[in-house]
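Have a look at the structure below, then the notes.
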Amino acid sequence: VNAALLDGIRRQRDRLLTASDWTQLPGSPLSDEQVAAFQSYRQELRDLPTTYKDAQSLSEVVIPVPPQ
């Protein structure tokens, strides 16, 4: 396990989660469908460290793309 790589994945994940927090707040301008899409995206982000726990380099990691 590459601890430094996992740490980097977690830091990137945390930044992306923070950037999308507003999508889950009551009163956001998003439709129910868009909110659900962001929920799925955010779950993919939360799963990154587990999904790539055996990765040896950053080139193996695919960061989810936020919904439009």
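For the sequence shown, this note's numbering assigns the number 54 to the initial residue and increments by one for each residue that follows.
Backbone N, C-alpha and C fix where the C-beta goes; we use that ideal spot for every residue, glycine too.
These numbers were taken from a predicted model, which means no experiment stands behind them.
Cβ distance (whole Å) where Q87 is taken to contact P119 below 8 Å: For this step, residue 87 is matched to residue 34 along the sequence shown. For this step, residue 119 is matched to residue 66 along the sequence shown. About 11 Å; that fails the 8 Å criterion.
Rounded Cβ spacing between S73 and F91 (contact assumed at less than 8 Å): As a working note, residue 73 is residue 20 in the sequence shown. As a working note, residue 91 is residue 38 in the sequence shown. With 8 Å as the limit, S73 and F91 qualify as a contact, their Cβ atoms being about 6 Å apart.
Per-residue DSSP class, three states only, for A108: Position 55 of the sequence shown holds residue 108. In this structure, A108 counts as coil in the three-state DSSP scheme.
Alpha-carbon to alpha-carbon, L58 and Y105: Locating residue 105 in the sequence shown gives position 52, counting from the first residue. Locating residue 58 in the sequence shown gives position 5, counting from the first residue. Straight-line Cα distance between these residues: approximately 9 Å.
Own chain partners of T76 with C-beta closer than 7 Å, once the 5 adjacent residues on each side are dropped: Here the question's residue 76 lines up with position 23 in the sequence shown. L83, V88, F91, listed in sequence order.
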